[in-house]
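Here the structure is laid out as structure tokens; the discussion comes afterwards.
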Amino acid sequence: MNIIVFVVFGTDKWLAVTRKNRISEKTLLIISFLGGSVGAIIAMLLFRHKTSKSSFLWKFTILLVLQIGILMLLKQYSDH
């Protein structure tokens with residue numbers, strides 16, 4: 000999933016540079032939440048994509064906090 004998200008973020012950056020129809024931020028956030036947050040972070044840093052858009056970064060940060068919380072809950076329940 001991380002590879003797919005990496006490619007999607009890279010494609011969106013290419014679309015932005017070439018001024019073509021873009022991939023929605025909602026789609027980028029959803030696919031990141033569904034297991035591609037590491038790929039998204041790597042793509043954001045490598046392609047310098049969405050790194051200066053504070054509204055996206057806030058949403059992405061909330062997404063990461065939710066993922067960490069979910070993982071902690073799953074680990075807690077699996078330990079019982």
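FYI, numbering that gives the first Met the number 0 numbers position 57 of the sequence shown as 56, with every residue one higher than the one before it.
A virtual CB, placed ideally from N, CA and C, is assigned to each residue, including glycine.
Quick one: measure Cβ to Cβ for residue i and residue j, integer angstroms, because I've assumed they're closer than 8 Å.
i     : j     : result
Phe59 : Ser31 : 7 Å
Ser36 : Leu63 : 6 Å
Which term fits residue i, buried or exposed, when burial requires 16 or more other beta carbons within 10 angstroms of its beta carbon?
i     : result
Asp11 : buried
Lys49 : buried
Leu44 : exposed
Leu27 : buried
Return the chain-ordered list of same chain residues with a C-beta closer than 8 Å to the C-beta of residue i, the five sequence neighbours on each side being excluded.
i     : result
Arg21 : Asp11, Leu14 and Ala15
Gln66 : Phe32 and Ser36
Which value, in whole angstroms, describes the spacing of the CA atoms of residue i and residue j?
i     : j     : result
Ile69 : Phe55 : 21 Å
Less than 6 Å between C-beta atoms, sequence neighbours within five positions excluded: which residues of the same chain meet that for residue i?
i     : result
Gly34 : Met0
Exercise for the section: Return the chain-ordered ranges of every alpha helix (DSSP H) run that is complete within the stretch 12-75 and spans a minimum of 4 residues. Expected result: Segments of the alpha helix (DSSP H) lying fully in the stretch 12-75: 24-30 and 36-46.
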